[in-house]
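Just below is one structure, and these are the notes that go with it.
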Amino acid sequence: MRLDSPWCLIGPVLRTPEVDELTAAVQALREWQHDDAPMQLHPGDIGWAWRLGAEATAATVRTWSRDGRILAVGFLDQPDLLRFTIAPDAHHDEELAQRLAADVSDPARGVLPAGKVYIESPKHTRFQELMFQNGWQSDVPWTPLRRDLSSPVEDPGVEIEVIGPDRAHVHADVIRASFERSTFTADRWHNMANGPYEDARSLVAHAGNQPVAAVTVWSAGPGKPGLLEPMGVHRDHRGQGFGKAITIAAAKTLQELGSSIALVCTPSSNVGAVATYRAAGFQPMPEVFDQRRD
1 MRLDSPWCLI
11 GPVLRTPEVD
21 ELTAAVQALR
31 EWQHDDAPMQ
41 LHPGDIGWAW
51 RLGAEATAAT
61 VRTWSRDGRI
71 LAVGFLDQPD
81 LLRFTIAPDA
91 HHDEELAQRL
101 AADVSDPARG
111 VLPAGKVYIE
121 SPKHTRFQEL
131 MFQNGWQSDV
141 PWTPLRRDLS
151 SPVEDPGVEI
161 EVIGPDRAHV
171 HADVIRASFE
181 RSTFTADRWH
191 NMANGPYEDA
201 RSLVAHAGNQ
211 PVAAVTVWSA
221 GPGKPGLLEP
231 MGVHRDHRGQ
241 GFGKAITIAA
251 AKTLQELGSS
261 IALVCTPSSN
271 VGAVATYRAA
281 GFQPMPEVFD
291 QRRD
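Mapping of the sequence shown onto UniProt numbering: position 180 corresponds to residue 180, and the numbering continues sequentially without gaps.
Take a look at the structure:
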């Protein structure tokens with residue numbers, strides 16, 4: 001058995017075979033999700049990236065394959081940050097770990113640039129062990145949180161709107177007002193909806209006639225974990241419980257979509273976000289750390 005090319009870049013020019021490969025990468029991520037897995041790349045992460053368009057999304061995705069089967073999927077969330085996950089039965093695959101380590105460590109291979117770079121990968125894999133052995137260090141901690149959806153989810157206590165194409169601007173406006181550097185627009189919502197959005201929903205919470213909070217939830221299929229990405233509260237309406245309310249609504253929607261648990265991950269330093277998710281019934285899991293090469 002051999003590994004195919006050091007990495008398979010999907011894009012940047014979108015052609016039909018590349019669309020098929022991108023679809024295959026998302027499908028692999030769906031298959032790899034399960035309740036006991038460590039926090040890992042989710043198909044919703046690719047779905048949210050799709051707001052920039054199919055070609056831009058394709059240019060950020062890498063796959064590693066053996067004998068035609070995808071074993072790892074990577075996503076350049078930032079030019080210096082590669083987030084990826086590995087097929088569950090390949091977590092301790094020595095050949096794969098060695099290839100991944102070589103590809104992400106050598107700028108000439110085009111996966112990550114020279115200089116300070118970061119990797120997010122599942123805990124307790126052979127690859128992560130190998131990177132530490134090669135001198136990579138732990139970076140700042142993140143807190144993953146989860147809510148079990150096997151029991152009924154309470155009413156969020158506010159009016160919740162499920163956003164359709166004609167109301168994309170409402171969702172986009174709240175997200176932009178929630179994140180200082182957000183460039184999200186209605187057009188980008190439509191781009192996102194043209195991606196792997198069939199099992200996703202965008203929600204907006206209203207107080208009176210005002211949209212006050214927004215979230216998009218991503219199902220990976222019935223019986224699998226769902227993801228919140230992103231969730232935000234309008235800067236003019238913070239401190240009133242709307243973050244808790246929209247997060248409960250997100251959990252309720254994922255439950256209706258058949259998800260087994262709801263997942264979210266936030267920097268541990270963002271104590272307000274951690275408190276909001278906990279107030280909405282999410283339980284923190286052990287912290288996770290990116291790996292950094294200085």
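Idealized CB from N, CA, C, for every residue including glycine.
| Asked | Found |
| --- | --- |
| For residue 240, which option in 205, 264, 291, 222 has the closest C-alpha, if you only look at C-alpha atoms? | 205 |
| In angstroms, rounded to a whole number, what distance separates the CA positions of residue 141 and residue 161? | 34 Å |
| How many Å lie between residue 69 and residue 63 at the Cα? | 10 Å |
| I need the straight-line Cα distance from residue 6 to residue 170, nearest angstrom please. | Any answer about residue 6 is weak, because its pLDDT of 45 lies below 50 and its placement is not dependable; what the coordinates show is given next. The alpha-carbon atoms of residue 6 and residue 170 are separated by roughly 43 Å. |
| Going by the DSSP bridge assignment, what does residue 64 pair with across the sheet? | 72 |
| Roughly how many angstroms lie between the CA atoms of residue 67 and residue 280, to the nearest whole one? | 44 Å |
| Skipping 5 residues on each side, what residues in its chain have a beta carbon closer than 7 Å to that of residue 47? | 192, 195, 196, 197, 200, 218 |
| Contact between the region 88 to 101 and the region 115 to 131 is defined here as three or more beta-carbon pairs at a separation below 8 Å; is this criterion met? | yes |
| CA-CA distance, residue 109 and residue 211? | 46 Å |
| If the criterion is Cβ atoms closer than 8 Å, does the pair residue 261 and residue 148 meet it? | yes |
| For residue 242, which residues of its own chain have a beta-carbon under 6 Å away from its beta-carbon, when the five flanking residues on both sides are left out? | 205, 212, 213, 233 |
| Beta carbon of residue 76, beta carbon of residue 118: below 8 Å? | no |
| Could you tell me the alpha carbon to alpha carbon distance between residue 27 and residue 225, rounded to whole angstroms? | 14 Å |
| Here's a check: name, in chain order, each residue in its chain whose Cβ is nearer than 6 Å to the Cβ of residue 8, leaving out the five neighbours to either side. | Because the pLDDT at residue 8 is just 47, under 50, the model does not fix this residue reliably, and the point stays unresolved. |
| Please state if the CB of residue 122 and the CB of residue 86 are separated by a distance shorter than 8 Å. | yes |
| Please state whether DSSP places residue 180 in a helix, a strand or coil. | coil |
| Using the rule of at least 16 other Cβ atoms within 10 Å of the residue's Cβ for burial, across every protein chain shown, is residue 190 buried or exposed? | exposed |
| With distances taken Cα to Cα, identify the nearest neighbour of residue 155 among 144, 187, 251, 228. | 251 |
| Are residue 294 and residue 116 closer than 8 Å when you measure CB to CB? | yes |
| Using only CA atoms, which one of 84, 159, 71, 221 lies nearest to residue 298? | A query on residue 298 cannot be resolved here, the shown segment of the chain reaching from 1 to 294 and no further. |
| In the DSSP output, what is residue 336 paired with across the bridge? | This structure does not reach residue 336, given that the chain is present from 1 up to 294, and the question cannot be answered. |
| Under DSSP, the alpha helix (DSSP H) around residue 163 begins and ends at which residues? | Run containing residue 163: none; DSSP gives neither H nor E here. |
| Which whole-angstrom value is the C-beta distance of residue 55 and residue 83, which I expect to be below 8 Å? | That pair is no contact at about 20 Å. |
| Of the choices 235, 41, 106, whose alpha-carbon is the least far from that of residue 228? | 41 |
| Just the Cα atoms here: how many angstroms apart are residue 287 and residue 88? | 20 Å |
| Going by C-alpha to C-alpha distance, which of 236, 283, 265 sits closest to residue 45? | 265 |
| If you draw a straight line from the C-alpha of residue 38 to the C-alpha of residue 273, how long is it? | 20 Å |
| Quick one: using the 10 Å Cβ neighbour count with 16 as the cut-off for buried, is residue 183 buried or exposed? | exposed |
| Could you pull out every residue in the same chain whose Cβ sits closer than 6 Å to the Cβ of residue 284, ignoring the five residues on either side in sequence? | 143, 145 |
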